[in-house]
Every structure is written in structure tokens, then in C-alpha cells.
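Throughout, our numbering is defined as the position within the sequence shown, counted from one, plus 1.
Here a beta-carbon is modelled for each residue, glycine too, at the ideal position from N, C-alpha and C.
Predicted model only: the values in this text are computed from it and were never measured.
Beneath this line is the structure, given in C-alpha cells, with notes to follow.
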Amino acid sequence: MSKKFVARGRHTVLPIIGDTAFELRIGRMTSLIFFSDEDGESELLIESSITLLRGTHERVLEGSLFGDKWNPRALGPLLEVIGHTVTDALAEHEGLLSISFSNELVMVVAPTPGYEGWHFHYPRQGHSLRETVKPIGMIGAGSWLA
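Shown next as C-alpha cells:
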């Protein structure tokens, strides 16, 4: 089976529901790696602020912003998603990305005017379990998906 995007009204469901968040990479860009026994690895690159929600509690992490606000130490709370399964993953038509996890944490990445706030791609470069996988990708930018 190969991953594919599915529409939910005007929005798009990312094909990571049921996958596990298993790696957080912090460098010039922040990336979250998702794994599926059946399909291998997908990668989400984040270049915008990240909001973590649980119930009524909200925490904004700006450490993933490139430039003066880049601060990898501020991204520590994002480690809480590692090892948890994705229960929903929706890219809204306007570019907002929302991923829900089995530990009731919701990660939201807002689009950023003028450039891409996030990039999703499958398979992760060099990490496909299968030889013949159709690559897919999506970019969330200010007011649109691509």
C-alpha cells in the first residue's frame, strides 16, 4: 500500500493517521519523523511556530522559527509526542496544519505569510521500506496549500 492524500471537505488529510511519531530532529530546520510498519517513514519539516494544545492548555513554541528566534532548547515540550500514534492529521485549505496524538496532545503549525510554514513528504528521503513508492508532498504557506 502507498500513502495518498484524502480530501475532507475543502481540507486535506495527511496520510499519517495510525503512524507513530518516533524522531524529532532539531537543526537549521525542525523535523518530526513518523513511522508506519507498512509504509515506512514520512517527514514533516517545520519552519513556523508550533502550538501544543491539551484540553484548555495552550503552549506556543517559537524555537523552530528561523533567524533570531531560532532556539532549539525551547522545543523540548515537542518531545512529548514521540512514541505516540497520530489519531488525526488535517491540513486546512488556508495552510493551517493540525495533528492529534494518542496522548491527547494536538500540535498546530500555522501558515506564515510570505513563505512555507511546513513541508510534508513521503517517503522520507532514503528511508523507504519499499522500492516502488510513489512520492507525495505538501506545503503549507500563508493562505494556501501546495
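Could you give the distance in angstroms between the alpha-carbon of residue i and the alpha-carbon of residue j?
i	j	result
R55	K135	35 Å
L106	V82	7 Å
R74	L53	16 Å
I17	Q126	16 Å
H122	P112	17 Å
S43	G10	24 Å
R60	G19	25 Å
K185	S99	With the chain covering 2 to 147 only, the question about residue 185 has no answer from this structure.
So what does DSSP say about residue i, is it helix, strand or coil?
i	result
G115	coil
G77	helix
V134	coil
Could you pull the start and end residues of the beta strand (DSSP E) that residue i belongs to?
i	result
H58	58–62
F23	21–27
T86	Counting along the chain, T86 falls outside any beta strand (DSSP E), and DSSP gives it neither H nor E.
F6	Taken as a continuous stretch (DSSP letters only), F6 belongs to no beta strand (DSSP E), as it is neither H nor E.
G41	41–47
R55	51–55
I17	That residue, I17, is in no beta strand (DSSP E); it is neither H nor E in DSSP.
F67	Careful: F67 lies outside any beta strand (DSSP E) and carries neither H nor E.
M108	107–110
Just confirm the distance between the C-beta atoms of residue i and residue j, as a whole number of angstroms; I'd bet it's less than 8 Å.
i	j	result
S50	E63	5 Å
A22	V87	7 Å
S37	L46	At roughly 18 Å, the Cβ-Cβ gap does not stay under 8 Å, so S37 and L46 are not in contact.
G141	A92	6 Å
L15	L79	Incorrect: roughly 17 Å between the Cβ atoms, too far for contact.
Using a threshold of 7 Å, is the CB atom of residue i nearer than that to any non-hydrogen atom of the ligand COA?
i	result
I27	For the structure depicted, the ligand COA is absent and the ligand set is empty, with no information on it obtainable.
Is residue i buried or exposed, if buried means 16 or more other CB atoms sit within 10 Å of its CB?
i	result
D69	exposed
G118	buried
G96	buried
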